[in-house]
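Protein chains in written order, with full-length UniProt numbering: chain A, 1 to 362; chain B, 1 to 362; chain C, 1 to 362; chain D, 1 to 362.
The beta-carbon is built from N, C-alpha and C at its ideal position, and this holds for glycine as well.
Number of protein chains: 4
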Amino acid sequence: MGFELPKYIEPNFEQEFLKSAPNVKTEEVVKEGVAPENYHGTTIFPEYFKIDGKWVLAKESRMDSVVVVKDNNEVEVKEFRNLKVGEKVVVGRTEDASEGIYVYNGGFVGEEEIDETFAFRSGRSRETAYSKDYDDLYEVLRREKEHGYIVWVLGPAAVFDKDAREAMAALIDNGYVHAFLGGNAVATHDLEAATIGTALGQDIYTQKSMKDGHYNHLDLLNKARRAGSIERLIEEENITDGIIHACVKNDVPIVLGGSIRDDGPLPIVISDVYKAQNEMRKHTRKATTVICLATQLHSIATGNMTPSYTVVNGEVRPVFIYSVDVSEFAVNKLRDRGTLEVKTIVTNVQDFLVNLKNNLTK
Amino acid sequence: MGFELPKYIEPNFEQEFLKSAPNVKTEEVVKEGVAPENYHGTTIFPEYFKIDGKWVLAKESRMDSVVVVKDNNEVEVKEFRNLKVGEKVVVGRTEDASEGIYVYNGGFVGEEEIDETFAFRSGRSRETAYSKDYDDLYEVLRREKEHGYIVWVLGPAAVFDKDAREAMAALIDNGYVHAFLGGNAVATHDLEAATIGTALGQDIYTQKSMKDGHYNHLDLLNKARRAGSIERLIEEENITDGIIHACVKNDVPIVLGGSIRDDGPLPIVISDVYKAQNEMRKHTRKATTVICLATQLHSIATGNMTPSYTVVNGEVRPVFIYSVDVSEFAVNKLRDRGTLEVKTIVTNVQDFLVNLKNNLTK
Amino acid sequence: MGFELPKYIEPNFEQEFLKSAPNVKTEEVVKEGVAPENYHGTTIFPEYFKIDGKWVLAKESRMDSVVVVKDNNEVEVKEFRNLKVGEKVVVGRTEDASEGIYVYNGGFVGEEEIDETFAFRSGRSRETAYSKDYDDLYEVLRREKEHGYIVWVLGPAAVFDKDAREAMAALIDNGYVHAFLGGNAVATHDLEAATIGTALGQDIYTQKSMKDGHYNHLDLLNKARRAGSIERLIEEENITDGIIHACVKNDVPIVLGGSIRDDGPLPIVISDVYKAQNEMRKHTRKATTVICLATQLHSIATGNMTPSYTVVNGEVRPVFIYSVDVSEFAVNKLRDRGTLEVKTIVTNVQDFLVNLKNNLTK
Amino acid sequence: MGFELPKYIEPNFEQEFLKSAPNVKTEEVVKEGVAPENYHGTTIFPEYFKIDGKWVLAKESRMDSVVVVKDNNEVEVKEFRNLKVGEKVVVGRTEDASEGIYVYNGGFVGEEEIDETFAFRSGRSRETAYSKDYDDLYEVLRREKEHGYIVWVLGPAAVFDKDAREAMAALIDNGYVHAFLGGNAVATHDLEAATIGTALGQDIYTQKSMKDGHYNHLDLLNKARRAGSIERLIEEENITDGIIHACVKNDVPIVLGGSIRDDGPLPIVISDVYKAQNEMRKHTRKATTVICLATQLHSIATGNMTPSYTVVNGEVRPVFIYSVDVSEFAVNKLRDRGTLEVKTIVTNVQDFLVNLKNNLTK
């Protein structure tokens, strides 16, 4: 009966253990990119820090990072490598307020209903019933299209097939994509398809291997490098379809992180992976829903930097994370690495994308 | 532009090597179920045997079996275990007519186009482009619905999800299923869903585990055994949906072969696996298209007894075999075991069935 | 040091809820193979039934079956299909003694240590550390060799490789195998290797495909069927190596259950799968350790009929179950289907067998 | 007996088509990192280029790159991104000498025996017989230890288990490792094990999850970053075991390429992935054997830059590439992406490493 966003209930700060809790302690960074010994490491859950007698929520959080208290008594969650000398890092490894650190897991009202709908957790496999997950996802996306920030993370499999590639472009055209994260391969093969009709030399519809097709992606990369930018390449090659084209046309930001297996790369690719992480996190900071398709590397990377909640217009709300892959091991790995709230769907992403297009666009 | 059935060109029997070939030799069976030493073993391809100077095609063939010459000079392809004392078995292990045995692989006109459309063979995986396979399959099924004999082989995964189960029932209702082969599990869980809404105790839509849900399939089996037949059970329990119900309603024959992992079993299940093979083969003898979903055991069993061609109204035509599973290993195994002509699709069968329903029924 | 069998502490029957519990109720079977409506279904755990004021433990139990109270006030756990008219079946679906049925999970002393050693349960995958599992297994097998009953369940992959096949034969020769369960394929290919050196036509050492190798297993099957028994075949073909040979030589019982994908079958194969279940259960009734390798069908079948405990010389002890396969899905499926106590190892069974041989035989 | 390195027979340059072939054409690079339109792309096979009437072999080749003719008439195989303005790039897309480019596939004597031993190519899976592959590999490594350059590529799974980690360290100590390529994770978890005994917080022997264990790898990374180098860390933390320790002790070069999923990273990690590629290729240029374990990303990256042959002391010889993973898809992907000569083994790398240690060290 329509999608209802789970409501967040703040901790009751009048509880004695929270009222009597001390302020957090901090220690200063003395070496760039290195935290003090007893730093507090973040989780994916809402965390509050007592500063000057007030409990302050970490916004735009992420796990496995540290907490810097700023001059205005706000906190910032930063990766170790981004720490600057002199910054004040929260120390202490308790989570129960006894050191001024309170990790608050369970603030979403109707947690039980949510549990069933959005947080089913154990034993998901090829034999799980996915009908309701699809139905829920359609509702989520229809809402988030207007009121959220939907981040997509794609592996190359999403562009190896004609229908899937068209479906993804349609989703972009219809406003269901607010940021597109990926690597050199997905963009290269999408542009290869746009210019030559193949991916890795194989026709994306007929499956026919083209003569000298192993040159196709190299040719595309060489042209892109000569053009100097994706936008320029689209112009020069008269590209009119595909995922990259749809992103550029609709002003959807693209972040492509480099990897050691890249050919080329495309001019847009960020060669320093930690700079790439910084760019990716600009989007996961805002994300309300994240959908990861067929890429273990990029899914885990994105999962690592996505918290279970976010603050929109002053209200705390959950972040929904989906991971879709044909391999149980791949989708589960995201959870094993700490992204506990992920909802996994085991199927070929081609079918997944076509399903979404059929149900969300007309 | 519409589906065109590949045309079969008979061998040119005027070729010298065929004209001058000797008649086949046979030897008599002396022990029930045992072939003479030098028996000829069949393949999946069209095979001709020279008898009394004439080349006779084996109809209703299957691989790994032997060839019996009958009194009317027809040949019958029989499993070893079904040989009777006194039957005349073709001997000789050549395939080039030199012993009167001619294995003829390549008689379908436009083999090249077929190759691309229906026989793409190497390296199919989750990264293969499946758009055209789907499009081809839709055309095949629309044609075979009227002019062919479509055999479905289903594992339990097909009924674990509400949308998939409904899609399969809709395909049956719309005439796309001429025989249904499976095991005790797929039927049991389909009937569990029909009566209690769960599969193995888990709701097939909400995924919720029901209290005492591990009793559900046992209760269903016990009721079925008391009823004594599927038809009776449907009546007693007022079953009105699902795959088994659709088969019974539409007079689609059901063959369920037993296995050592069965609970129950349902009264319809055939406990002797070689009798079950005989019943299954009654349908693969007639099959023009075979679709195997999410069951390695039943898919290989069915693949073993399905030839690459069949004779319909005196005309030789290809048999199309599809194997759909989320695991590359599972779909490839069918080929590894000799069913060379199989077309594999790597995806979750839930999405596969919903795709078919969306495109083939209204 | 060394392996210590976890000790079982009986329930304290002086507890009030057990003392005051009523006797179980039973209902008579009125139709062969059908249980009364409200039958009690068994689990894998120790279950006690109050009969004539005394708590009686079910010995030789198995899950998903029913409990028959016999004239001597003992109980027997029987499959539904084996129920005879007039037998008294325990009814009631509680487990807390309130209906005279008490399911007692947790009687093994040092459960915590056991938990760590033999019952680690979540998220086992290719990335789990298996060193200690191997070390524990070596100790278990050294002990069980003398004092237990070790049941092996093998798929054909165990005989496709020379070193693995030799390792398995060495384990049989050295007394580590008390019963061997499998299907037609594992035995056929073992005997194919023994007589021709191939499995499915491929040399088990050099991997070379032999000319006309697809005849090999058919020839072997035909010879076996002519011989009429495994023992006779071994004599006639002078078979001197392999798993079947080792079993016959060492009087290790072999149970081969038929399946719909069998060629042949070998004369020893049981064609009725429910009779095969009965034969398999004769061994799981006695089993103290069960090791399942590379066969989903036979592993689940065996797991279904293996309880978590057994009674040896009047003492209750745990049954250890191992499932080894290269696929997480395959090993986990055993747990998903209810065999909760299974310990899974994700690897190629070739390496697993060679490891065991290296550590257990000299 | 024993291992015989396949001998390479140069093309017979007296053949007319080679004698009469024209010199190669080249075009100059006009934009940094961009090749001329009609560039020749390299394969993994030996390629000869006619320059000033002489056929010149590309040494230290790799696929998907371009060929630069240098002033001394030698050729260099360079990645597109490394092209400098003014460099002369070979153009032409034929391989048959007609444009002065000759791709020579098949120069290794006894190719047929090699085919069986080192280049078996189709359908390798969990069911392939690996005994002989292991035997061959032992011989290869014993020889290459003295006369070759063995490059190892490791994913984190290699250090998650005690026995596997010790086995790998023993192989390093015994001279079987000449270079070690990997990412941040494998090194981090190896050092986590060296200092705390866990990997990702789980004991690498007992599998027990340590309290607050999710801090372990972060603590290790923070310490390493404070130490400023691996060597310093080893000193400060008194690290005496593991893979990284063994490499440092034995002066085995380590190249760790960064990735977007890294925490930390360790100070040794190269953050720019294309610089990382350059460093990795320094080793694949010299490699005679490459062994890739349980890392799809690094295996494909390394495979991409490893040719099928190398030149040692003026002699052309094959490069042996092994890829070991529990997933058929992972090992096959290396081939699908063009590394055609790879030999794949489907198993858990823990067992693989222990096997190697048992057979190669004492």
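Start and end residues, alpha helix (DSSP H) containing C/D161 = Counting along the chain, C/D161 falls outside any alpha helix (DSSP H), and DSSP gives it neither H nor E.
Could you check the C-alpha separation between A/E16 and C/D96 for me, to the nearest Å?
-> Approximately 40 Å, taken between the alpha carbons.
So is A/H298 buried or exposed if we call it buried at 16+ other beta carbons inside 10 Å?
-> Buried is the call here.
Chain-ordered chain B contacts of A/V346 [CB-CB under 7 Å] | The answer, in chain order, is V326, N348.
So, does the CB of A/A276 fall closer than 9 Å to a CB anywhere in chain D?
-> Chain D places a beta carbon closer than 9 Å to that of A/A276, counting this residue as a contact.
Look at the Cβ atom of B/H40, then the Cβ atom of B/V66, and state whether they are nearer than 9 Å.
-> Taking 9 Å as the Cβ cut-off, B/H40 and B/V66 qualify as a contacting pair.
State the CB to CB distance for the pair A/L360 and A/R142, rounded to an integer number of angstroms; the pair is presumed to be in contact (CB under 8 Å).
-> Confirmed, Cβ separation roughly 7 Å.
Name, please, each residue of chain D whose Cβ falls closer than 9 Å to the Cβ of A/A301.
-> S259, I260, R261, D262, listed in chain order.
Neighbour list for A/S125 in chain C, Cβ cutoff strictly below 7 Å = Chain C residues near A/S125: F329.
Residues that A/F13 contacts on chain D, provided the C-beta gap is smaller than 8 Å | Within chain D, no residue comes near A/F13; the closest Cβ sits about 26 Å away, beyond 8 Å.
Could you tell me the distance, in whole angstroms, from the CA atom of C/A157 to the CA atom of D/R126?
-> Their Cα atoms are separated by approximately 8 Å.
Cutoff 6 Å; reference A/R276; Cβ partners in own chain excluding five residues on either side | It is worth fixing the name first, because residue 276 of chain A is Ala in this sequence and not Arg. Around A/A276: G257, I270.
Rounded to the nearest angstrom, how far is the Cβ of residue 388 of chain D from that of D/D135, given a contact under 8 Å?
-> Shown here, chain D extends from 1 to 362; a query on residue 388 of chain D therefore has no answer.
D/L293 vs D/F352 beta-carbon contact at 9 Å = Yes.
Expressed to the nearest angstrom, what Euclidean distance is found between the alpha-carbon atoms of C/K88 and C/K70?
-> Counting only the Cα atoms, C/K70 lies some 7 Å from C/K88.
What does B/A35 touch in chain C if you count any residue whose Cβ is under 8 Å from its own?
-> In chain order: N222.
Taking C-beta pairs closer than 8 Å, name the residues in chain B that A/K333 reaches, listed in chain order.
-> Here the premise fails: no neighbours, minimum Cβ distance about 16 Å.
In angstroms, rounded to a whole number, what distance separates the CA positions of C/R93 and B/L5?
-> Cα to Cα, C/R93 sits roughly 58 Å from B/L5.
Under 7 Å Cβ-Cβ, which residues of chain A neighbour D/S271?
-> Ordered by position in chain A, the residues that pass the 7 Å Cβ test against D/S271 are D272, V273, Y274.
Residue-chain proximity (B/L18, chain A), Cβ-Cβ < 9 Å = By this cut-off, B/L18 is not an interface position.
Please go through the same chain and pick out, in chain order, the residues whose beta-carbon is closer than 8 Å to the beta-carbon of C/I196, but skip the five residues on each side of it.
-> Excluding sequence neighbours, C/I196 sits near M210, N216, D219, L220.
Are the region 173-184 of chain C and the region 236-247 of chain C touching by the rule of at least three beta carbon pairs closer than 8 Å?
-> Contact between the region 173-184 of chain C and the region 236-247 of chain C is present, because at least three Cβ pairs lie under 8 Å.
So with Cβ pairs under 9 Å, would you call D/F80 a contact of chain A?
-> By this cut-off, D/F80 is an interface position.
Given that a residue counts as buried once 16 or more other Cβ atoms are within 10 Å of its Cβ, and exposed if not, what is B/G53?
-> Answer is exposed; the Cβ neighbour count stays below 16.
Taking Cβ positions only, does C/K362 come closer than 9 Å to chain D?
-> With 9 Å as the cut-off, C/K362 does not count as an interface residue toward chain D.
Any C-beta of chain B under 9 Å from that of A/P156 = With 9 Å as the cut-off, A/P156 counts as an interface residue toward chain B.
Would you please state the rounded distance, in angstroms, between the beta carbons of A/V354 and A/V326? I believe it to be under 8 Å.
-> Wrong, their Cβ atoms sit about 15 Å apart, outside the cutoff.
Closest by C-alpha distance to B/I254, when choosing among B/G100, B/P11, B/K50, B/N184 = The shortest C-alpha separation from B/I254 is found at B/N184.
What's the gap between the Cα of B/Y309 and the Cα of C/G303?
-> Straight-line spacing of the CA atoms in B/Y309 and C/G303 works out to 40 Å.
Could you name the residues of chain D that C/Y130 contacts, counting a contact when the two beta carbons are closer than 7 Å?
-> What C/Y130 touches in chain D: D161, Q350.
Inspect the CB distances between the region 7-16 of chain C and the region 72-90 of chain C and report whether three or more fall short of 8 Å.
-> Contact between the region 7-16 of chain C and the region 72-90 of chain C is not established, with fewer than three Cβ pairs separated by less than 8 Å.
Go through the region 17-63 of chain B residue by residue and report every complete run of the beta strand (DSSP E) that reaches 3 residues or more, in order.
-> Correct list: 25-28, 47-51, 54-57.
Any C-beta of chain C under 9 Å from that of residue 363 of chain B | Outside the shown range of chain B (1 to 362) lies residue 363 of chain B, about which nothing can therefore be said.
Tell me, please, whether the CB atom of A/P307 is closer than 9 Å to any CB atom in chain D?
-> No, because no Cβ of chain D sits closer than 9 Å to the Cβ of A/P307.
CB contact check: C/D190 to chain D, cutoff 9 Å = Output row for C/D190: interface = no.
Within-9 Å CB hit, C/D241 to chain D = Judged by the 9 Å Cβ criterion, C/D241 is not in contact with chain D.
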